[in-house]
Amino acid sequence: MPIFRMRFLLLSSCLLVLAGCSSVYKNLKPAEGNIREIKKFAPDFTNVLYKTEVDVVGGHHLSGLLLIKTLPDKSVRMVFSNEMGFKFFDFEFKPAGGFKVYYIIKQMDKRPVIITLQKDFELIMMRKQNPEIGYMRKDDSLLYYVFPQEKGANYYITNQAGTELIRMERSSDRQPVVQAIMHDFHDGIPDTIGISHKNFKFNIGLKRLKR
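Just so you know, the working numbering puts 71 at position 88 of the sequence shown, and the rest follows in order with no gaps.
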């Protein structure tokens, strides 16, 4: 089993443990620091290609290549296709927060699926971070950079020194609904990305391909 897929299975197991808690955030304490410091972990998706695996409810599996490219106007284009060139989806994320679907296959062309994918990728790109309403929390070993959203919040979690990004979470008021990881950064680009949903089976694994 590839190492990056094993990490996602371990992450899913952690989510099951968290499910029994009434609120995984209730014991966090206020923390001092600069909320903007989290931006140093924002990935630099100038032009990068990932081997991609997607597992969804019902045992469905997609695999292929995800191209992520930053355009001259700072928009980010994401195109997911199989190795024969058949596209699964083609998205664009605007720098001011806009989102456009250029193409998506019929099986995935459902509003909840599209919104889920949009929010998942915005989480790892560190979009929707308003420092004016963001705040910081801590526990005994971790710092939490919290950015309230229309529903719930996005959490970016580092070690106490703020030098290592441990994980990211998209949460309700009580617990994470999505957890994500980015590991092994080189030149601002993570080699490994994992996205794991808690309430239903929908996992995305990315492994960077060197070109």
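Where is the CB? At the ideal position from N, CA and C, for every residue including glycine.
Short Cβ contact (7 angstroms threshold) for residue i with residue j
i, j, result
"LEU192", "THR35", "no"
"PHE76", "PHE63", "no"
"ALA25", "MET151", "no"
"LEU100", "ALA163", "no"
"SER154", "TYR138", "yes"
Delimiting residues of the alpha helix (DSSP H) encompassing residue i
i, result
"MET91", "No alpha helix (DSSP H) contains MET91, which DSSP labels as neither H nor E."
Of the listed residues the options, nearest to residue i (C-alpha basis)
i, options, result
"LEU32", "ASP167, MET119, ILE51, ILE88", "ILE51"
"ASN65", "GLY47, VAL39, GLN90, SER58", "GLY47"
"PHE69", "LEU49, LYS57, PHE82, PRO13", "LEU49"
"LEU126", "GLU147, GLY135, LYS111, GLN112", "GLU147"
Coarse secondary structure for residue i, derived from DSSP in three states
i, result
"ASP38", "strand"
"MET109", "coil"
"THR99", "helix"
"GLU115", "coil"
"ARG19", "helix"
"PHE24", "helix"
"PHE74", "strand"
"PHE104", "helix"
Residue i, buried or exposed, once every other Cβ within 10 Å from all chains shown has been counted against 16
i, result
"GLN90", "exposed"
"HIS43", "exposed"
"GLU115", "exposed"
"ASN113", "exposed"
"LEU(-8)", "Interpretation of LEU(-8) is limited by its pLDDT of 49, a score under 50 that renders its predicted location unreliable; the figure taken from the coordinates is listed afterwards. LEU(-8) is exposed by the Cβ-count criterion."
First and last residue of the uninterrupted beta strand (DSSP E) at residue i
i, result
"THR53", "43 to 53"
"LEU125", "125 to 131"
"PHE185", "185 to 192"
Proximity test, Cβ basis, 7 angstroms: residue i and chain C
i, result
"ARG194", "Included in the structure is just one protein chain, with no chain C present."
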